[in-house]
Amino acid sequence: MTEPLVFEISSPGRKAVFLPELDVPETELPQELLRDDLPLPEVSEVDLVRHYVHLSQMNHAVDTGFYPLGSCTMKYNPKVNEEAARLPGFTRTHPYQDHRTVQGNLRLMYELQEFLKEIGGFAAVSLQPAAGAHGEFTGILMMRAYHQERGDTRRTKVLIPDSAHGTNPASSAMSGYQVVEIKSDQRGNVDLEELRAHCDDTVVGLMLTNPNTLGLFEEQMLEVAELIHGCGGLMYGDGANVNALLGIAKPGDLGFDVLHYNLHKTFSTPHGGGGPGSGPVGASERLAKYLPGPIVVKEVKEQGSRRAVEQGGNDNPCYRLQMPQASIGRVKAFYGNFGVFIKAYTYIRMLGAIGLKQVSEDAVLAANYLLAKLRKVYPLPYDRTCMHEFVLSGPLPQAPDVHTVDIAKRLMDYGFHPPTVYFPLIVPEALMIEPTETESKETLDAFVEAMLKIAEEAQENPDLLHQAPHTTPVTRLDEVRAARQPVLRWKPG
Ligand SMILES: *Cc1c(COP(=O)(O)O)cnc(C)c1O
């Protein structure tokens, strides 16, 4: 611990705030509001400011350093998004307002739906779900509604590749379905033979991430979709990796019937630490009517009615809320996480179609650059050109006692956030690296240098790694104890 905490520098009588002299009669405070003992620290304004700024700097953040946390797309979040989200026209509205008085908000939601339709190649989009996992659950419920409406009630199995994110089986299980794991093949694709063996009339559908969590494009994507559709199942797309596809491939064209977007990942909202997120769901023609609602629709106005609007008449609104025809209902109070919509909308409008495509091209380029540099030293289990991320295997042949966790912790000493570790589960000691498109070549080079240095240290001084990190506010934790008996507040020594 470098600096003392505010409790430790407390000095009786010291204050950060000075109130003006009392110019009203003094009255007794109600007894129930008073406590005998409230040991608040007494500090000056500057102490207080330093305390909070210091606390804010104890965590690594994308605004303070490189954050290659695979699968999480920790890109830099442009500050203009925050400006837009803080505009009083947005912040001073309330979800209970009549739709005629919030036409601007509804227009933003409508246009965001339209952008996401275009980007994903879908017939309709609902902005309701609050995160990716929530979108998955929503999509599974829509698939269930589809099968039920057709009287197809034998279907109980959701197929999920063994490389999938843990939320996929969790969402399926929450819907009451049985999860069947599908193996990956030698090249990191869904194993077609294994898939074929499971395709029958009890299949609800397949949940597929493409590019998958190995950072690899599913090479037999079209065959996979054909197999699933052929047995009457549906294709759910986990869109967490859409950052590799913008303007290049549309999930709808690849055969997905329903897919969630992670606005907070692909479309830049600060995330981690619990939110807020947003996981809109896009659906094909077939599934659009089951989307959760309400969604925003735009009314085509008749000729004569234009004047009323120009004269400030809100009696004739353009945008209104509507439930899709066979909607599964609401999955969220009100209309979704509106603040995240504003940020995603701003991001999309700032970049435009050409800019978004470049995002994906640069993200893929950055990942392949790192891969080319690091594979010389770190084992690469699936040797293919990667998409926006890639997965290495931690243990180095020349340093078998050093594990992925040691490499990850040591990276913190070099000022980098560690990659995602021990996921996906099919790679032993996985190190999953996603640089994103927002980092400079210099930053990528510095990261490579640190990784190569760590590989040397692993051989020469493994204990340095076993005990890392050395320079952070807290050093190596007993992670089991930290999870079971967390210390969540400071107490006097
Ligand atoms: C992040 C992620 C999810 C879950 O999304 P949340 O928004 O965190 O709920 C699902 N699948 C993959 C591959 C992810 O990376």
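Heads up: the sequence shown begins at 0 in numbering that gives the first Met the number 0, then just goes up one per residue. We put the beta carbon where it would ideally sit given N, CA and C, even for glycine.
Go ahead and label Lys-51 buried or exposed: buried means 16 or more other beta carbons lie within 10 angstroms of its beta carbon, across all protein chains shown. Counting from one through the sequence shown, the residue named residue 51 turns up at place 52. The sequence given here places Tyr at residue 51; Lys does not occur at that position. Its Cβ having fewer than 16 others within 10 Å, Tyr-51 is exposed.
Are there 16 or more other CB atoms within 10 angstroms of the CB of Gln-93, so buried, or fewer, so exposed? As a working note, residue 93 is residue 94 in the sequence shown. The sequence as given places His at residue 93; Gln does not occur at that position. So His-93 counts as exposed.
If you measure between the beta carbons of Met-220 and Leu-253, is that distance less than 7 Å? In the sequence shown, the residue the question calls residue 220 occupies position 221. In the sequence shown, the residue the question calls residue 253 occupies position 254. In contact: Met-220 and Leu-253 (Cβ atoms closer than 7 Å).
Shorter than 6 Å, the distance from the beta carbon of Thr-166 to the closest heavy atom of ligand 1, or not? The sequence position of residue 166 within the sequence shown is 167, counting from 1. Checking the Cβ of Thr-166 against ligand 1 gives yes.
Measure the alpha-carbon distance for Gln-185 versus Tyr-381 and round it to whole angstroms. The sequence position of residue 185 within the sequence shown is 186, counting from 1. The sequence position of residue 381 within the sequence shown is 382, counting from 1. Between Gln-185 and Tyr-381, the C-alpha separation is close to 8 Å.
Just to check, is the beta-carbon of Ala-132 closer than 6 Å to a non-hydrogen atom of ligand 1? In the sequence shown, residue 132 corresponds to position 133, counting from 1. Checking the Cβ of Ala-132 against ligand 1 gives yes.
Does the Cβ of Tyr-95 have 16 or more other Cβ atoms within 10 Å, making it buried, or fewer, making it exposed? Taking the first residue of the sequence shown as position 1, residue 95 is located at position 96. Tyr-95 should be labelled exposed.
Flag this pair as yes or no: are the beta carbons of Lys-156 and Val-202 separated by less than 7 Å? Counting from 1 along the sequence shown, the entry for residue 156 is found at position 157. Counting from 1 along the sequence shown, the entry for residue 202 is found at position 203. Their beta carbons are under 7 Å apart, which means Lys-156 touches Val-202 by this criterion.
From Ile-159, Ser-171, Gly-165 and Pro-269, residue whose alpha carbon lies closest to that of Ser-183: Looking up residue 183 in the sequence shown gives position 184. Of the listed residues, the one whose Cα sits closest to Ser-183 is Ile-159.
With DSSP collapsed to three states, give me the class of Ala-248. Translated into positions along the sequence shown, residue 248 becomes position 249. Taken through DSSP and simplified to helix, strand or coil, Ala-248 comes out as coil.
Using DSSP with H/G/I as helix, E/B as strand and the rest coil, what is Ser-359? One-based indexing of the sequence shown puts residue 359 at position 360. In this structure, Ser-359 counts as helix in the three-state DSSP scheme.
Check each candidate in Arg-329, Ile-294, Val-339 and Met-322 and name the one with the smallest Cα separation from Ser-277. Here residue 277 refers to the residue found at position 278 when the sequence shown is read from its first residue. For the options Arg-329, Ile-294, Val-339 and Met-322, the alpha carbon positioned closest to that of Ser-277 is the one of Val-339.
Along the chain, which unbroken stretches of the beta strand (DSSP E) at least 3 residues long are found entirely within the segment 6–72? Correct list: empty.
Within the present structure, is the beta-carbon of Ala-239 separated from the nearest heavy atom of ligand 3 by less than 6 Å? Questions concerning ligand 3 fall outside what the structure shown contains, since the ligands it does hold are ligand 1.
Tell me whether Pro-247 is buried or exposed, calling it buried when 16 or more other Cβ atoms sit within 10 Å of its Cβ. Here residue 247 corresponds to residue number 248 of the sequence shown, with the count starting at 1. Note that residue 247 is Ile in the sequence shown here, rather than Pro. Per the 10 Å Cβ criterion, exposed.
Does DSSP classify Gln-177 as helix, strand or coil? Indexing the sequence shown from 1 puts residue 177 at position 178. In the three-state scheme derived from DSSP, where H, G and I count as helix and E and B as strand, Gln-177 is classed as strand.
Assign Gln-526 to one of three DSSP states: helix, strand, or coil. The question about residue 526 has no answer, for the chain in this structure spans 0 to 492.
Any heavy atom of ligand 1 closer than 6 Å to the beta-carbon of Asn-336? In the sequence shown, residue 336 corresponds to position 337, counting from 1. No, the beta carbon of Asn-336 sits no closer than 6 Å to any heavy atom of ligand 1.
Straight-line CA distance for Phe-389 to Leu-115? For this step, residue 389 is matched to residue 390 along the sequence shown. For this step, residue 115 is matched to residue 116 along the sequence shown. Taking the straight line joining both Cα atoms gives about 26 Å.
Kindly confirm or deny that the segment 481–489 and the segment 447–454 touch, where touching means at least three C-beta pairs closer than 8 Å. Verdict: no, contact absent.
Under a Cβ-count criterion, where at least 16 other Cβ atoms within 10 Å of its own Cβ denotes burial, should Lys-14 be classed as buried or exposed? Within the sequence shown, numbered from 1, the residue matching residue 14 stands at position 15. Taking a 10 Å sphere around the C-beta of Lys-14, we find fewer than 16 other C-beta atoms and assign the residue as exposed.
Across which residues does DSSP place Gly-204 in a beta bridge pair? For the purposes of this step, residue 204 is taken as the residue at position 205 of the sequence shown. Bridge partners of Gly-204: Val-157 and Leu-233.
Would you say the beta carbon of Asn-211 is closer than 6 Å to some non-hydrogen atom of ligand 1? The residue given as residue 211 occupies position 212 in the sequence shown. No - ligand 1 has no heavy atom lying nearer than 6 Å to the Cβ of Asn-211.
Going straight from the alpha carbon of Phe-333 to that of Ser-125, what length do you get? Taking the first residue of the sequence shown as position 1, residue 333 is located at position 334. Taking the first residue of the sequence shown as position 1, residue 125 is located at position 126. So the alpha carbons of these two residues sit roughly 13 Å apart.
Only counting runs of 3 or more residues, tell me where the beta strand (DSSP E) segments fall wholly within the segment 416–489, in order along the chain. Qualifying beta strand (DSSP E) stretches, in chain order: 429–432.
What do you get for Met-57, buried or exposed, if any count of 16 or more other CB atoms within 10 angstroms of its CB means buried? Residue 57 sits at position 58 when you count from the first residue of the sequence shown. In this structure Met-57 is exposed. Its beta-carbon is surrounded by fewer than 16 other beta-carbon atoms within 10 angstroms.
Run through DSSP, which three-state label would Phe-333 get? As a working mapping, residue 333 is identified with position 334 in the sequence shown. Phe-333 carries a coil assignment under DSSP once its states are collapsed to helix, strand and coil.
May I have the straight-line CA-CA distance separating His-387 from Leu-215, to the nearest angstrom? Residue numbering aside, residue 387 sits at position 388 when the sequence shown is read from its first letter. Residue numbering aside, residue 215 sits at position 216 when the sequence shown is read from its first letter. If I take the Cα positions, the gap works out to 9 Å.
Exposure label - Val-479; buried when at least 16 CB within 10 Å: For the purposes of this step, residue 479 is taken as the residue at position 480 of the sequence shown. It counts as exposed.
How would you call Glu-436, buried or exposed, if buried means at least 16 neighbouring beta carbons within 10 angstroms? Counting from one through the sequence shown, the residue named residue 436 turns up at place 437. Glu-436 should be labelled buried.
Rank Lys-375, Leu-107 and Glu-360 by C-alpha distance to the C-alpha of Val-296 and give the top, closest one. Along the sequence shown, one-based indexing puts residue 296 at 297. Minimum Cα distance to Val-296 is reached at Leu-107.
With H, G and I counted as helix, E and B as strand and the rest as coil, what does DSSP make of Val-189? Taking the sequence shown and counting its residues from 1, the one referred to as residue 189 is at position 190. Strand.
State the Cα-Cα distance for the pair Gly-120 and Ile-406, rounded to the nearest angstrom. On the sequence shown, position 121 is the one that residue 120 refers to. On the sequence shown, position 407 is the one that residue 406 refers to. Rounded to whole angstroms, the separation of the alpha carbons of Ile-406 and Gly-120 is 40 Å.
When you compare only the Cα positions, how much space is there between Met-44 and Val-5? Sequence index remark: in the sequence shown, residue 44 carries index 45 (1-based). Sequence index remark: in the sequence shown, residue 5 carries index 6 (1-based). Looking at the sequence itself, residue 44 is Glu, so the reference to Met does not match. Roughly 11 Å between the two C-alpha positions.
When DSSP labels each residue in this structure, what does Lys-297 get in the three-state scheme? In the sequence shown, residue 297 corresponds to position 298, counting from 1. Three-state result, Lys-297: strand.
CA-CA distance, Glu-456 and Pro-269? Numbered from 1 along the sequence shown, position 457 holds the residue referred to as residue 456. Numbered from 1 along the sequence shown, position 270 holds the residue referred to as residue 269. Taking the straight line joining both Cα atoms gives about 34 Å.
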